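Accompanying notes for the structure given below.
Residue numbers (my numbering), protein chains in the order written: chain F, 6 to 148; chain S, 6 to 148.
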């Protein structure tokens, strides 16, 4: 579930503070699919007993799965199609239980020279900030 | 294809310079599966014509798909099961064409206090460094 349709917001139309969000339930099926594509089949993500035995006391979603929602927002919504992804910093602040609904948000933090834009990236489960970071992208330009 | 079997290398057994690698072909099917789990259905990844029309002149894999291989190495091989993922920095240095074979490598850079370990993360396609970064993890301890 996103707050916008896929497309492009050009550099010339971007302003600091502009943001886009996406909400996804990281269900057991989604986590299992991510395990296949990433090769990360760590039992803490896939096995109920391993999750219960862990420090988290339950199965958790892969941190990079939650972080992948930033890629979707940057590549499809803000700036969207035509964006070139240069870099991403991530801090995994809290575990995301399997089945949780995660809301990822990207916000324009700084518009720099040579089409470079720094985006603040945050993911929440309810009121809990679970992932925080920054992305640097080259935004598509009308020029 | 990995150079080790899944398991745990405990903090007490880790040394600076220790490394593990994983090679995966980012096929059209893998890229399509990542698009579904991440919600990133940017046509540059999925549509041949959009790829050809792009600055890259071909379809490319999601940067975060390549980066997800670091998660697999950290969570399954080095340190492996029991690792807590604290943070990840990534620079996307070169595009990865759909169908390319990517080799991801994580290497112990620094063993800090309180079980914190900094890992160098690199992904190559042939001789080309396509992703570079660092991860910070809490390593499992025998203590």
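Glycine included, each C-beta is placed from N, C-alpha and C at the ideal position.
Here the structure is a predicted model, which means the values were calculated and not measured.
Partners in chain S for residue i, counting only beta-carbon separations shorter than 8 Å
i	result
residue 48 of chain F	86
residue 38 of chain F	38, 41, 42
Straight-line gap, residue i to residue j (C-alpha atoms, nearest Å)
i	j	result
residue 56 of chain F	residue 63 of chain F	4 Å
residue 30 of chain F	residue 37 of chain S	19 Å
residue 96 of chain S	residue 25 of chain F	23 Å
residue 124 of chain F	residue 86 of chain S	32 Å
residue 69 of chain F	residue 17 of chain F	31 Å
residue 33 of chain S	residue 11 of chain S	26 Å
residue 145 of chain F	residue 84 of chain F	7 Å
residue 89 of chain F	residue 80 of chain F	8 Å
residue 101 of chain S	residue 137 of chain F	26 Å
residue 147 of chain S	residue 14 of chain S	10 Å
residue 23 of chain F	residue 118 of chain F	18 Å
residue 120 of chain S	residue 113 of chain S	13 Å
residue 126 of chain S	residue 139 of chain F	18 Å
residue 28 of chain S	residue 72 of chain F	22 Å
residue 77 of chain F	residue 47 of chain S	8 Å
residue 143 of chain S	residue 60 of chain S	39 Å
Within chain S, partners of residue i - CB distance below 7 Å
i	result
residue 150 of chain F	Coverage of chain F is limited to positions 6 through 148, which leaves residue 150 of chain F absent and any answer about it impossible.
residue 95 of chain F	92, 93
Bridge partner(s) assigned by DSSP for residue i
i	result
residue 94 of chain F	F:139, S:94
residue 124 of chain S	S:113, S:140
residue 32 of chain F	Paired residue(s): none; residue 32 of chain F is not in a bridge.
residue 101 of chain S	Partner(s): none; residue 101 of chain S has no beta bridge.
residue 107 of chain S	S:29
residue 65 of chain F	F:102
residue 14 of chain F	Residue 14 of chain F pairs with nothing; no bridge assigned.
residue 133 of chain S	S:130
For residue i, the three-state DSSP class (helix, strand or coil)
i	result
residue 26 of chain S	strand
residue 50 of chain F	helix
residue 83 of chain S	coil
residue 42 of chain S	helix
Where residue i meets chain S, residues with beta-carbon distance less than 9 Å
i	result
residue 17 of chain F	None at all; the shortest Cβ gap to chain S is about 18 Å.
Residue environment, residue i, which counts as buried when at least 16 other CB atoms sit within 10 Å
i	result
residue 45 of chain S	buried
residue 141 of chain S	buried
residue 20 of chain F	exposed
residue 58 of chain F	exposed
residue 134 of chain S	exposed
residue 54 of chain S	exposed
residue 92 of chain S	buried
Chain-ordered chain F contacts of residue i [CB-CB under 8 Å]
i	result
residue 72 of chain S	69, 93
residue 29 of chain S	44
residue 35 of chain S	42
Proximal chain F residues relative to residue i, where beta-carbon distance stays under 9 Å
i	result
residue 81 of chain S	44, 45, 46, 47
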